[in-house]
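S.K.: Each residue of the sequence shown is one higher than the one before, starting from 3 at the first, in this note's numbering.
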Amino acid sequence: MEYVTLGKTGLRISRLGFGGIPIQKIDAAGTRKLAERMAAAGINYIDTARSYTVSEELLGQALEGLRDRFVLATKSMARTKEAMAADVETSLRNLRTDYIDLYQFHNPPMKDLDTIIAPGGALEALMEAKEQGKIGHIGITAHSLAVFERAVSLPWVETIMFPYNIVESQGSRLMEACAEKNIGFIDMKPLAGGAIEDARLAMRFVCSNPNVTVVIPGMYAEEEIEQNQKAVEDTRPLTEAELKKIETVRAELGTSFCRRCNYCAPCTVGIDIPGVFLMEGYLRRYGLEGWARQRYGSFQVKASACVECGVCETRCPYELPIRQKMKEAAKAFGE
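Listed below in structure tokens is the structure:
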């Protein structure tokens with residue numbers, strides 16, 4: 003296993019990390035087996051979140067006696083100081099630890115980022131938690147290119163998590179900026195939320211980019227750990243056959259896959275178009291129906307509100323049939 007330094011945090015972590023979303027589908031015993039398998043394989047980076055229902059709790063139970071073998075990262079959607087301070091305490095209890103290595107702001111829209119860094123915002127809580135020794139480092143996750151770009155300029159940001167895979171390379175320029183500023187880049191969605199079927203190819207592609215510090219595929223089976231480990235440890239240059247297959251994957255998904263670049267915004271009626279597509283992906287491909295429906299249910303404007311004006315489609319650089327896709331999403335979620 004290759005080990006790297008997670009940017010300015012100074013943490014030494016495995017190039018392959020563990021994404022904790024899918025363990026919502028298993029139990030404590032299954033999660034313990036995964037933790038033991040990772041420890042044996044030298045995989046030492048674990049990512050979870052307050053919003054992943056039981057993920058923190060399952061990991062907390064699974065890491066009993068193994069905590070010192072792992073670098074733990076979690077995240078919160080809290081935007082105020084009071085709410086974030088409460089979430090930090092909850093995360094510590096759930097994870098059964100007195101210290102979390104990396105605490106991240108979970109996918110804040112630009113307007114929420116302003117709230118986070120303003121007086122009384124969530125950043126104050128994380129700064130205090132850091133001073134108190136409850137957390138080690140502070141990062142941010144994003145799906146929006148605009149938020150990613152702003153995050154690179156914020157002096158307190160030590161890590162940034164953003165999607166990067168065969169069909170989502172919109173963040174490549176900013177990934178280079180992360181490397182230049184020694185900000186750790188954490189790659190989520192290496193399989194495009196399950197849309198890319200060839201996991202080995204997907205992981206090989208991601209790890210061929212030196213600007214990716216760590217890749218964190220979601221895993222809930224020991225076979226997935228073994229498969230991803232083999233792919234990441236194969237550091238040979240991509241072959242001509244692999245490059246050709248990568249282009250085939252791009253061609254196949256290019257006509258139907260949302261890269262969450264947000265160029266379609268603003269929607270005439272206020273639909274979060276990339277957000278709808280993201281939750282639909284969790285619903286259809288991740289097998290996390292309950293969680294996806296809960297998250298979708300929190301959206302103020304649902305896909306069914308689409309008036310089919312078509313303005314979004316004129317802005318989409320990938321020419322996606324957004325109006326049709328909104329109908330399909332509304333049918334899938336029932337609203």
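Ideal Cβ positions, reconstructed from N, Cα and C, are used throughout, including at glycine.
Values in this document were obtained by computation on a predicted structure and should not be read as measured data.
Near residue 102, what residues of its chain come up, given a Cβ to Cβ distance below 8 Å and the 5 sequence neighbours on each side ignored?
M.R.: 74, 75, 76, 90, 93, 94, 136, 137 and 138
S.K.: Within a Cβ cutoff of 7 Å, which residues of the same chain sit near residue 215, ignoring the five residues on either side of it in sequence?
M.R.: 6, 8, 9, 186, 187 and 188
S.K.: Ends of the beta strand (DSSP E) at residue 16?
M.R.: 14–16
S.K.: Taking only beta-carbon positions, decide if residue 37 is within less than 9 Å of chain D.
M.R.: Structure shown: chain D not included; a single protein chain is present.
S.K.: What residues match up with residue 78 in a beta bridge as DSSP calls it?
M.R.: DSSP, once it has assigned bridges, lists 107 as partnering residue 78.
S.K.: Reducing DSSP to helix, strand and coil, say where residue 336 ends up.
M.R.: Coil at residue 336, not helix or strand.
S.K.: Work out the CA separation of residue 334 and residue 210 for me, nearest whole Å.
M.R.: Distance between the alpha carbons of residue 210 and residue 334: 36 Å.
S.K.: Report yes if the C-beta distance between residue 197 and residue 169 is below 9 Å; otherwise report no.
M.R.: Yes; because the gap between Cβ atoms is below 9 Å, this pair is in contact.
S.K.: If you scan the segment 17–68 from start to end, which runs of the alpha helix (DSSP H) of 4 or more residues do you find wholly inside it?
M.R.: 30–43 and 57–64
S.K.: In this structure, what does DSSP give as the bridge partners for residue 217?
M.R.: 18 and 189
S.K.: Going by C-alpha distance, which of 277, 194 and 208 is nearest residue 245?
M.R.: 208
S.K.: Got a sec? Which residues, its chain only, sit under 7 Å from residue 193 by beta carbon, not counting five neighbours each side?
M.R.: 167, 201, 204 and 219
S.K.: Hey, how far is the Cα of residue 98 from the Cα of residue 332?
M.R.: 39 Å
S.K.: Let me make sure I understand the geometry here. Which of 271, 221, 86 and 322 has the alpha-carbon closest to that of residue 307?
M.R.: 271
S.K.: Restricting to runs no shorter than 3 residues, where is the beta strand (DSSP E) found entirely within the segment 114–166?
M.R.: Taking only runs of at least 3 residues, the beta strand (DSSP E) segments lying wholly in the segment 114–166 are 137–143 and 161–165.
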